[in-house]
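Using the working numbering, the letters of the sequence shown map in sequence onto residues 492 to 554. Structure first, commentary second.
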Amino acid sequence: RISGKEFLLGDFFSVPDIICGHCAGWAISLGFSIPQSNEVSDYLKRVRRRKALKIAMERTRTK
């Protein structure tokens with residue numbers, strides 16, 4: 492549950508957030524549906540703004 496928390500483990504960004512954000516981005520790019528609740532949407536927006544996730548996504552992008 493992410494209700495009432497900024498990130499998965501509380502108010503701090505952590506490795507699980509990178510993994511979750513990366514997997515969600517991957518799933519969306521392949522056409523999988525992601526739950527469309529405000530909590531999930533807001534969480535993914537917060538995670539996607541983080542530099543660490545951007546770096547992880549860039550490293551796995553095919554060239």
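Quick reminder that beta carbons are idealized off the backbone N, C-alpha and C, glycines included.
If you compare alpha carbons, which of the options is closest to residue i?
i	options	result
L499	G522, V538, M548	V538
T551	S494, W517, D502	W517
G501	Y534, S520, K542, A543	Y534
Kindly indicate the opening and closing residues of the alpha helix (DSSP H) around residue i.
i	result
L499	Looking at the DSSP string, L499 is not in any alpha helix (DSSP H), and its letter there is neither H nor E.
R537	529-539
I510	506-520
R550	542-551
Just the Cα atoms here: how many angstroms apart are residue i and residue j?
i	j	result
F529	E497	For the sequence presented, residue 529 should be read as Asn rather than Phe. Spanning the two alpha carbons is a distance of roughly 13 Å.
I493	V531	8 Å
S520	H513	11 Å
A515	Q527	12 Å
Going by the beta-carbon positions, is the gap between residue i and residue j smaller than 7 Å?
i	j	result
F504	R541	yes
* **Sufficient close CB pairs (3 or more, under 8 Å) joining the region 531-549 to the region 504-516** => The region 531-549, when compared against the region 504-516, does touch it at the 8 Å Cβ threshold.
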